[in-house]
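Colleague: This is the structure, below, for whatever I ask next.
Numbering (UniProt numbering), first residue to last: 1 to 546.
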């Protein structure tokens, strides 16, 4: 593979079968594009060559399989269960339900915007590669550097948040059971919580690294498991409802502000609930080089699963707000959802049984996030942007995964997990900073595409015209809004335990990125091996030859 800064000789690539190029065609005006009908993995590899890389990973995922992975990356019932604290403290039931609908509607615009661009540049580099190709030559390297670091750090911190959230959720589930004093049976010291987190992280990496070829089957299982679990929770909570049922006006319209912020701002802070659950929307792009038709399948998966997630989340949340105990009691519990189920079911064993589907899903979500984050890190490393890139850019021929990059991500996650010893609010820092990093990375190619007149979209499969422009503007506005919003503490007055350390993690990530840029990147980093003009030339060359 060409190293950053080296010339990239497309003509020296091994020749492909003649039918591997037959899908390139010219749209009106002679702009080359890539026709998606009759695609094969070999043809997808050919497009990857055009974009500047040789295929190193096996393409095994179909449209349904990449859609299922996108769904499991979000794992909506788990994501909503671990962060429902935010809308409950920020605005009550209305923030839980309508905050979720609001965020999903906005993220649909983000997914549509990214889908348009991904249909042109379907590589594991994802938004980082797209930002580079779309930016004016003068600004390419710096915009790609910023986007790439935000994307990689976002992948890592969200994966960390998922695994740490699973740890805290396990503690909450165990404490459904009480001792003779009416207290939860397990009040673990910080070191025990940390060890559980490390064990979960190791388990997710073991599955993601050692059983890669079985992951599509695991994702398919997870989808059916999720809906089965949600249906069980809906039926049991609404039918049994030992604690009583709320009115529809309360469930869908009640506003209870418990955060100390002014009502409107407080309600908005609750949006982190939905933003965290949908933050993995663009992470699926990093799987492009393991998908049979990435230029069409990945955009479809991103957009389609947003609406599937919206429906799944709505079905999951509605029964919870209908059987919601007094909010102050829920907020005082170790974990809100296990407590809600406990009061609703009226039986400790039954309530714990209903948490099992969420617990299993949390592990599967961690596996998916581990998989996606390793691909994002590997893709950024192969362009030389990470210290020690020569180690992180390798692919294990036996495991068929970027194992070294996966181990790098795992190590960083465990190191960051040590923050928990300094503050029990560590999960807030991980989830908030992960959402901020990923949202910035998603927005950068959208912004650059919009500022350059969306010209590159003519080379792809999807250009939604005016509707696409509207989606672009909404996505950009969302980024400008949530960066300061999710840096704020969720509760006033602020103490060491309620402080939001997302801004600290964010600034730390920016500092590492900036330091490495001035130490090495400014003089050496050249971006992806192929430039925009090279890609255009190769597309045209393929068309003229076939």
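Note that beta-carbon positions come from the ideal geometry of N, C-alpha and C, so glycine has one too.
#1: By Cβ distance, which residues of its chain are closer than 6 Å to residue 272, with the 5 residues on each side in sequence left out?
#2: Is DSSP giving residue 267 helix, strand or coil here?
#3: Could you have a look at residue 246 and say whether DSSP puts it in helix, strand or coil?
#4: For residue 511, is the classification buried or exposed, using 16 other Cβ atoms within 10 angstroms of its Cβ as the cut-off for buried?
#5: If you reduce the DSSP assignment to three classes, tell me which class residue 374 lands in.
#6: Along the alpha helix (DSSP H) that carries residue 309, what are the first and last residues, could you check?
#7: Between 89, 75, 530, which has its C-alpha nearest residue 332's C-alpha?
#8: Which word fits residue 244, buried or exposed, when buried means at least 16 other C-beta atoms lie within 10 angstroms of its C-beta?
#9: Report the residue from 215, 103, 471, 400 whose alpha carbon sits nearest the alpha carbon of residue 450.
#10: To the nearest angstrom, how far is it from the Cα of residue 492 to the Cα of residue 425?
#11: Please go through the region 187-224 and give each complete alpha helix (DSSP H) segment of 4 or more residues, from N-terminal end onward.
#12: Is residue 140 helix, strand or coil when you go by DSSP?
#13: Enumerated in chain order, which unbroken segments of the alpha helix (DSSP H) with a length of 4 residues or greater are wholly contained in the region 400-454?
#14: Measuring CB to CB, does residue 506 end up less than 7 Å from residue 433?
#15: For residue 185, which residues from the same chain have a beta carbon less than 6 Å from its beta carbon, with the 5 sequence-adjacent residues on both sides left out?
#16: Quick test of the definition: if touching needs 3 or more C-beta pairs under 8 Å, does the region 474-486 touch the region 118-131?
#17: How far does the alpha helix (DSSP H) with residue 84 in it extend, from its first residue to its last?
#18: Taking residue 374 and residue 402 to be in contact with their CB atoms under 8 Å, please state how far apart those CB atoms are, rounded to whole angstroms.
#19: Please report how far the alpha carbon of residue 354 lies from the alpha carbon of residue 338, in whole angstroms.
#20: Straight-line CA distance for residue 508 to residue 366?
#21: How is the alpha helix (DSSP H) around residue 338 delimited, first residue to last?
#22: What did DSSP end up calling residue 184 once you bin it into helix, strand or coil?
#23: In this structure, what does DSSP give as the bridge partners for residue 291?
#24: How many whole angstroms separate the CB atoms of residue 91 and residue 267, which I take to be in contact at a CB cut-off of 8 Å?
#25: At what residue ranges does the region 446-499 contain a whole run of the beta strand (DSSP E), taking only runs of 3 or more?
#26: Determine the direct distance from the alpha carbon of residue 167 to that of residue 194, and round the result to whole angstroms.
#27: From 313, 42, 262, pick the residue whose C-alpha is nearest to that of residue 275; which is it?
#28: With residue 105 as the anchor, note down where its alpha helix (DSSP H) starts and where it stops.
#29: Is the beta carbon of residue 134 sitting closer than 7 Å to the one on residue 351?
#30: DSSP state of residue 259, grouped into three classes?
#31: Spatial neighbours of residue 94 within its chain, please: C-beta separation below 8 Å, excluding the five flanking residues on both sides.
#32: Give me the Cα-Cα distance between residue 407 and residue 438, rounded to the nearest whole angstrom.
#33: Go ahead and pull the three-state DSSP assignment for residue 56.
#34: Using 10 angstroms around the beta-carbon of residue 34, count the other beta-carbons present and answer buried if the total reaches 16, otherwise exposed.
#35: Which value, in whole angstroms, describes the spacing of the CA atoms of residue 304 and residue 57?
#36: Does the region 294-303 come close enough to the region 65-72 to have 3 or more Cβ pairs within less than 8 Å?
Modeller: According to the data block:
#1: If you number the chain shown from 1, residue 272 lands on position 272. Exclusion of the five residues before and after residue 272 leaves 86, 486 as the residues of its chain whose Cβ lies within less than 6 Å of its Cβ.
#2: Indexing the chain shown from 1 puts residue 267 at position 267. Helix.
#3: The count along the chain shown starts at 1 and reaches residue 246 at position 246. Residue 246 falls in the coil class under three-state DSSP.
#4: On the chain shown, position 511 is the one that residue 511 refers to. The residue in question, residue 511, is exposed, as its Cβ has fewer than 16 Cβ neighbours within 10 Å.
#5: The sequence position of residue 374 within the chain shown is 374, counting from 1. Helix.
#6: In the chain shown, the residue the question calls residue 309 occupies position 309. Where residue 309 is concerned, the enclosing alpha helix (DSSP H) stretches over 294-322.
#7: Here residue 332 corresponds to residue number 332 of the chain shown, with the count starting at 1. Comparing Cα-Cα distances from residue 332 to each of 89, 75, 530, the minimum goes to 89.
#8: As a first step, residue 244 must be located in the chain shown, where it is residue number 244. Around the beta carbon of residue 244, fewer than 16 other beta carbons sit within 10 angstroms, so the residue counts as exposed.
#9: As a first step, residue 450 must be located in the chain shown, where it is residue number 450. Residue nearest to residue 450 within the set 215, 103, 471, 400 is 471 (criterion: CA-CA distance).
#10: What you label residue 492 is simply residue 492 of the chain shown in a count that begins at 1. What you label residue 425 is simply residue 425 of the chain shown in a count that begins at 1. Their backbone Cα atoms lie some 14 Å apart in a straight line.
#11: 190-210, all fully within the region 187-224.
#12: Taking the chain shown and counting its residues from 1, one reaches residue 140 at position 140. Note: residue 140 maps to helix in three-state DSSP.
#13: You should have 403-417, 426-451.
#14: Taking the first residue of the chain shown as 1, we reach residue 506 at position 506. Taking the first residue of the chain shown as 1, we reach residue 433 at position 433. Yes, Cβ-Cβ distance for residue 506 and residue 433 is below 7 Å.
#15: Here the question's residue 185 lines up with position 185 in the chain shown. Counting only Cβ-Cβ distances below 6 Å, and skipping sequence neighbours, we find 177, 179.
#16: The answer is no - the region 118-131 does not touch the region 474-486, with fewer than three Cβ pairs under 8 Å.
#17: The residue you call residue 84 lines up with position 84 of the chain shown. First-last for residue 84: undefined, no H or E at that position.
#18: Here the question's residue 374 lines up with position 374 in the chain shown. Here the question's residue 402 lines up with position 402 in the chain shown. Taking a contact as a CB-CB distance under 8 Å, the pair residue 374 and residue 402 counts as one, their CB atoms being some 5 Å apart.
#19: Looking up residue 354 in the chain shown gives position 354. Looking up residue 338 in the chain shown gives position 338. Looking at the two C-alpha atoms, the distance is approximately 9 Å.
#20: As a working mapping, residue 508 is identified with position 508 in the chain shown. As a working mapping, residue 366 is identified with position 366 in the chain shown. Taking the straight line from one Cα to the other gives about 24 Å.
#21: Here residue 338 refers to the residue found at position 338 of the chain shown. Membership of residue 338 in the alpha helix (DSSP H) is indicated by the continuous run 336-345.
#22: Here residue 184 refers to the residue found at position 184 when the chain shown is read from its first residue. In this structure, residue 184 counts as strand in the three-state DSSP scheme.
#23: Looking up residue 291 in the chain shown gives position 291. Note: residue 291 sits in a beta bridge opposite 61.
#24: As a working note, residue 91 is residue 91 in the chain shown. As a working note, residue 267 is residue 267 in the chain shown. Right, the Cβ-Cβ distance comes to about 4 Å (below 8 Å), so this counts as a contact.
#25: Counting whole runs of 3 or more residues, the region 446-499 contains no beta strand (DSSP E) stretch at all.
#26: Here residue 194 refers to the residue found at position 194 when the chain shown is read from its first residue. Here residue 167 refers to the residue found at position 167 when the chain shown is read from its first residue. Using only the alpha carbons, I get a separation of about 8 Å.
#27: Position 275 of the chain shown, counted from the start, is the residue given in the question as residue 275. Considering only alpha carbons, the answer is 313.
#28: As a working note, residue 105 is residue 105 in the chain shown. First-last of the alpha helix (DSSP H) with residue 105: 93-118.
#29: Residue numbering aside, residue 134 sits at position 134 when the chain shown is read from its first letter. Residue numbering aside, residue 351 sits at position 351 when the chain shown is read from its first letter. No. Outside cutoff.
#30: On the chain shown, residue 259 is found 259 positions in, with the first residue counted as 1. In the three-state reduction of the DSSP assignment, residue 259 falls in the coil class.
#31: Numbered from 1 along the chain shown, position 94 holds the residue referred to as residue 94. The answer, listed in chain order, is 252, 253, 254, 255, 267.
#32: As a position in the chain shown, residue 407 is number 407, starting the count at 1. As a position in the chain shown, residue 438 is number 438, starting the count at 1. One C-alpha to the other measures close to 21 Å.
#33: The residue you call residue 56 lines up with position 56 of the chain shown. In the three-state scheme derived from DSSP, where H, G and I count as helix and E and B as strand, residue 56 is classed as coil.
#34: Start at 1 with the first residue of the chain shown, and residue 34 comes out as number 34. Bear in mind that the predicted position of residue 34 carries a pLDDT of just 41, short of 50, making it too unreliable to give a figure here.
#35: Within the chain shown, the letter at position 304 stands for residue 304. Within the chain shown, the letter at position 57 stands for residue 57. Cα to Cα, residue 304 sits roughly 25 Å from residue 57.
#36: Judged by Cβ distances under 8 Å, the region 294-303 makes contact with the region 65-72, as three or more pairs qualify.
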